[in-house]
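Trainee: Numbered by numbering that gives the first Met the number 0, the letters in the sequence shown go through residues 0 to 754 in order. The beta-carbon is built from N, C-alpha and C at its ideal position, and this holds for glycine as well.
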Amino acid sequence: MRNINETSATGKTPYELLYGKPPDLTRLKKFGCKVFALIPQPNRGNKLKDVSIEGMFVGYDQHSKGYRIWVPNKRALIVARDVLFREGENWKSNDAPATAESSNRDIFDDIVGPQDLNIPAVEPEGADKVYEPSRPDEGNSANKETPEEDEPAQEEENPTLPALQAENSRFWYYTNTPPQPTQEEVFRQIELHAQNQRDNSNIRATRSTTRNQNLHSVEYLELYYTNAEFTEEPKSIDDALEHRDADNWNQAMEEEMASFKAHDVYELVERQPWMNVIGGKWVFAYKRNEEGQIVKHKARYVAKGFTQRYNIDYKETFAPTSLSSSVKVILSIIASEGLMCHQMDVSTAFLHGEIDADIYMQQPTGFIDHSKPNHILKLKKGVYGLKQAGKIWNMKISNVLAKAGFSRLITDETIYIKGDGLDRCYIILYVDDLLIAAANHHTIKHVKDTLHANFKMKDVGNVSMFIGIHVTRNQNEKRIFLSQSTYIKSILEKFNMADCNPLESPMHNGTKQSNVANEPYSNRTKYQSAIGALNWIAVNTRPDIAAAVGIAAQHVQAPKVGHWELVKRIMHYLKATADHVLTLGGMPLRSSLTLYVDANWAGNKVNDTRVSSRHGAIIQFGGGTVSWYSRLQSVPALSSAEAEYIALSEGIRELLGIRNLLSELGIELTTTPVYEDNAAVIFMVKNQTLTRYTRHIDLKYHHIRAHVNNNTVAIEKVDTNSNPADILTKELQGAKLQRLRNIIGVISLRGRVEL
Numbered sequence: 000m001r002n003i004n005e006t007s008a009t010g011k012t013p014y015e016l017l018y019g020k021p022p023d024l025t026r027l028k029k030f031g032c033k034v035f036a037l038i039p040q041p042n043r044g045n046k047l048k049d050v051s052i053e054g055m056f057v058g059y060d061q062h063s064k065g066y067r068i069w070v071p072n073k074r075a076l077i078v079a080r081d082v083l084f085r086e087g088e089n090w091k092s093n094d095a096p097a098t099a100e101s102s103n104r105d106i107f108d109d110i111v112g113p114q115d116l117n118i119p120a121v122e123p124e125g126a127d128k129v130y131e132p133s134r135p136d137e138g139n140s141a142n143k144e145t146p147e148e149d150e151p152a153q154e155e156e157n158p159t160l161p162a163l164q165a166e167n168s169r170f171w172y173y174t175n176t177p178p179q180p181t182q183e184e185v186f187r188q189i190e191l192h193a194q195n196q197r198d199n200s201n202i203r204a205t206r207s208t209t210r211n212q213n214l215h216s217v218e219y220l221e222l223y224y225t226n227a228e229f230t231e232e233p234k235s236i237d238d239a240l241e242h243r244d245a246d247n248w249n250q251a252m253e254e255e256m257a258s259f260k261a262h263d264v265y266e267l268v269e270r271q272p273w274m275n276v277i278g279g280k281w282v283f284a285y286k287r288n289e290e291g292q293i294v295k296h297k298a299r300y301v302a303k304g305f306t307q308r309y310n311i312d313y314k315e316t317f318a319p320t321s322l323s324s325s326v327k328v329i330l331s332i333i334a335s336e337g338l339m340c341h342q343m344d345v346s347t348a349f350l351h352g353e354i355d356a357d358i359y360m361q362q363p364t365g366f367i368d369h370s371k372p373n374h375i376l377k378l379k380k381g382v383y384g385l386k387q388a389g390k391i392w393n394m395k396i397s398n399v400l401a402k403a404g405f406s407r408l409i410t411d412e413t414i415y416i417k418g419d420g421l422d423r424c425y426i427i428l429y430v431d432d433l434l435i436a437a438a439n440h441h442t443i444k445h446v447k448d449t450l451h452a453n454f455k456m457k458d459v460g461n462v463s464m465f466i467g468i469h470v471t472r473n474q475n476e477k478r479i480f481l482s483q484s485t486y487i488k489s490i491l492e493k494f495n496m497a498d499c500n501p502l503e504s505p506m507h508n509g510t511k512q513s514n515v516a517n518e519p520y521s522n523r524t525k526y527q528s529a530i531g532a533l534n535w536i537a538v539n540t541r542p543d544i545a546a547a548v549g550i551a552a553q554h555v556q557a558p559k560v561g562h563w564e565l566v567k568r569i570m571h572y573l574k575a576t577a578d579h580v581l582t583l584g585g586m587p588l589r590s591s592l593t594l595y596v597d598a599n600w601a602g603n604k605v606n607d608t609r610v611s612s613r614h615g616a617i618i619q620f621g622g623g624t625v626s627w628y629s630r631l632q633s634v635p636a637l638s639s640a641e642a643e644y645i646a647l648s649e650g651i652r653e654l655l656g657i658r659n660l661l662s663e664l665g666i667e668l669t670t671t672p673v674y675e676d677n678a679a680v681i682f683m684v685k686n687q688t689l690t691r692y693t694r695h696i697d698l699k700y701h702h703i704r705a706h707v708n709n710n711t712v713a714i715e716k717v718d719t720n721s722n723p724a725d726i727l728t729k730e731l732q733g734a735k736l737q738r739l740r741n742i743i744g745v746i747s748l749r750g751r752v753e754l
């Protein structure tokens, strides 16, 4: 690029000075513009087919005099020589046909969290303190430099970078896949390039360094386009067969049909006019390892269940899913009692369910029986996509476990128990993932043998990840740690926040809807996607962001700019605390159940005409937090005491559910201490009196008295500064936030050794 730019001294380029003629710039094209590549005659088919294909110019081929073109509709990167450029038109994502936002992966074995969009980076408040985790050797030095204000993360959209040079090769081909950098590396290099271009005053002084960094950025950007986007899953069978990995996708479909045959999923029958024939569709997904590398191509032939008719093709559809609090209770028992815990996955689980109605389905595209092309499938087993597929699978595995001597709990139908004492065995079933816990290897092996005898199973061994959550243990401390650090980092990368400044709190002082900017936020879909991602974290492992996410979630239908700033603020906080985990276990189980409640009276402005109170509860068991919530109160409270009374009632209701679960598990229960920081509420409960100021409170909230009278709970006073439920209702900062975060067991494992 330097050789084709004019120098200030001569007005000529170095190339022209050397060769006596100006450089040829005819191949220099605008990066990202819309293009039409000529399709070679042998590839066109009949005369009615398209003669060109539309795409986006993304660079020059290094091995030919061809242009590299990204074709969104085919999800492929091609190299072509004969290209029509529309440099006045930038290719935009909305040029491509709309597709469903949800990932195909939830149809497969892996359980994934919410899918999200890339969202511009945050610009934090200038007065907020940058979070810097302390190190053992730094202490509290007075000379330590601390930035006075946060620097906003830069928002970059499709930066125009110089293209790479090309060499001779063939006319048209799909590109090979070079080594793929991580997305974090890609955006870091793009940002480095952007900073170099902005710093024009230093270009001449650092010409050599800048040039090398810019070229490095170009290489990473090209790798990003040729890998990250190129490896998107096909959206249809046509996409799969035209894909550069067509052989792998074809093999995946062959394996799916072989699985149908092995499980005796269907029989071919003649089509009758009265039959309601359900359509089908091929769905494709990559299976990746923890580093994001592709390890397998997977294909599913799924039913279009939305065409099923009630009382004809299906009746009941409900299948239980595990409650987050129930899973944490079982994990707390496993940690505190030092039980072994193994994980198993069921392959093609839904194909095991026995169908409960006459269901007819089209033959799979590409696998039609040529001897009976007009026949259809009569299903004998469940198929992914059917409305009742989850239910009949759950019935199948429940029957198998019942025959093996397991009992299913009433309080949570995804938890199964068998035996007593040292022979006790627990199973948690989450769709097709199972956690098996027992005191000895023999008991676990017996369960595994039973499952292997009935299903095709994958034995994962010691649990390390369950429903997308990393699980680690410290056997010496009898603790289990739950972490979503990998998911948090991936979300930050997707939202262009990987390099944002870390902040020490999820909300700044005074975060209320009355103080936010009132301009409507332009992209509601992005906002909703961000809330979905953050909520997945808040409900699973991070109660410290539950209040902030709850406030932001109130506005998913009509977000404003200020609400979006709050969402970005939460991401800054997660950047600072991505390594934090939720701690379970560490204490004897008996007498370890406790409840903390709190309310923030009229502290939440819902809209311009309504103010509501927010309340929260923390339930701890076995030394860790197993349940929490942060919610708006459904009725207006006339005083802080009334808001706290309602919070106490709702918290005890949640506590009773946990007590019932523990009772079913055979754990001895004593009176549960309930901690409240409002003296007026404690007086109301203990004296059981109503005055003209309190008798209007709805009768349903007075169930507190009955549970106090029968010694189910005992209301105790806790200091406001030591009430961990405060973290669910208020904007906390500094030392108090850190102290309460430690109480609820959200800690950093930096420097610790897991055993």
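CB P723 to CB L748, shorter than 7 Å?
Mentor: No, the Cβ-Cβ distance between P723 and L748 is not below 7 Å.
Trainee: Out of curiosity, what's the CA-to-CA distance linking E663 and L408?
Mentor: Going by the C-alpha atoms only, they are around 7 Å apart.
Trainee: Count the other CB atoms within 10 Å of the CB of E232; is the residue buried (16 or more) or exposed (fewer)?
Mentor: It is buried - the Cβ of E232 has at least 16 other Cβ atoms within 10 Å.
Trainee: Which ranges does the beta strand (DSSP E) cover as unbroken runs of at least 3 residues, wholly within the region 682-754, from first to last along the chain?
Mentor: For the region 682-754, whole beta strand (DSSP E) runs of length 3 or above, ordered along the chain, are 712-716, 745-747.
Trainee: Taking the C-alpha atoms as reference points, what is the distance between E518 and S612?
Mentor: The alpha-carbon atoms of E518 and S612 are separated by roughly 25 Å.
Trainee: Checking 7 Å against the spacing of the C-beta atoms, do I657 and I618 come in under that value?
Mentor: Cβ atoms of I657 and I618: closer than 7 Å.
Trainee: Please state whether the Cβ-Cβ distance between K280 and K286 is less than 7 Å.
Mentor: Not closer than 7 Å, so no.
Trainee: Return yes when the Cβ of R80 is within less than 7 Å of the Cβ of G65, no when it is not.
Mentor: Yes, they are a contact pair.
Trainee: Apart from the five residues just before and just after G54, which ones in its own chain have a Cβ nearer than 6 Å to its Cβ?
Mentor: Here the set comprises V34, I68, W69, V70.
Trainee: Looking only at C-alpha atoms, which of A251, A388, L583, D498 sits nearest to Q479?
Mentor: First, the residue type needs correcting, since residue 479 is Ile and not Gln in the sequence shown. Looking at the Cα atoms, L583 is the closest of the given residues.
Trainee: In three-state DSSP terms, what is W535?
Mentor: It is helical.
Trainee: Compare the C-alpha of N393 against each of A616, D432, K379, Q361 and name the closest.
Mentor: Taking only the C-alpha atoms, the option nearest N393 is D432.
Trainee: Cβ of P672 within 7 Å of Cβ of A575?
Mentor: No, Cβ-Cβ distance for P672 and A575 is not below 7 Å.
Trainee: If you draw a straight line from the C-alpha of T688 to the C-alpha of R423, how long is it?
Mentor: Their Cα atoms are separated by approximately 46 Å.
Trainee: What's the call for N702, buried or exposed, on a 16-neighbour Cβ count within 10 Å?
Mentor: First, the residue type needs correcting, since residue 702 is His and not Asn in the sequence shown. Exposed is the call here.
Trainee: Does K525 pass the burial test, meaning 16 or more other C-beta atoms within 10 Å, or should it be called exposed?
Mentor: Buried, because 16 or more other Cβ atoms sit within 10 Å of the Cβ of K525.
Trainee: Would you call the CB atoms of D543 and I742 closer than 7 Å?
Mentor: No, the pair does not count as a contact, with Cβ atoms beyond the cut-off.
Trainee: Quick one: what does DSSP say S323 is sitting in, helix, strand or coil?
Mentor: Of the three classes helix, strand and coil, the one that applies to S323 here is helix, per DSSP.
Trainee: DSSP has T582 in a bridge; who is on the other side?
Mentor: Per DSSP, F480.
Trainee: State buried or exposed for E564, treating a residue as buried only when at least 16 other CB atoms are found within 10 Å of its CB.
Mentor: That one is buried.
Trainee: For the beta strand (DSSP E) containing E53, list its first residue and its last residue.
Mentor: First-last of the beta strand (DSSP E) with E53: 51-59.
Trainee: Comparing alpha-carbon positions, which option in Q361, G87, N475, A437 lies nearest V462?
Mentor: Of the candidates Q361, G87, N475, A437, the one whose C-alpha sits nearest the C-alpha of V462 is A437.
Trainee: If I follow the unbroken alpha helix (DSSP H) through R652, where does it start and stop?
Mentor: Here the alpha helix (DSSP H) through R652 covers 639-663.
Trainee: CA-CA distance, D697 and G623?
Mentor: Cα-Cα distance, rounded: 33 Å.
Trainee: In whole angstroms, what separates the C-alpha of L16 from that of D23?
Mentor: For L16 and D23, the distance between alpha carbons rounds to 14 Å.
Trainee: Going by the beta-carbon positions, is the gap between A457 and D344 smaller than 7 Å?
Mentor: The question names Ala, yet the displayed sequence has Lys at residue 457. Closer than 7 Å, so yes.
Trainee: Just reading off the beta strand (DSSP E) that P672 is part of, what are its end residues?
Mentor: Its beta strand (DSSP E) spans residues 671-675.
Trainee: N247: which of L533, A298, E336 sits nearest, CA to CA?
Mentor: Checked all of L533, A298, E336; the closest Cα to N247 is A298.
Trainee: Assuming the contact rule is C-beta atoms closer than 8 Å, A302 and I277 should be a hit. Round their C-beta distance to whole Å, please.
Mentor: Between I277 and A302 the Cβ distance is about 5 Å, and since that is below 8 Å, they are a contact.
Trainee: Out of S325, F283, E730, which has the shortest C-alpha to C-alpha gap to E503?
Mentor: Residue E730 is the option with its Cα nearest to E503.
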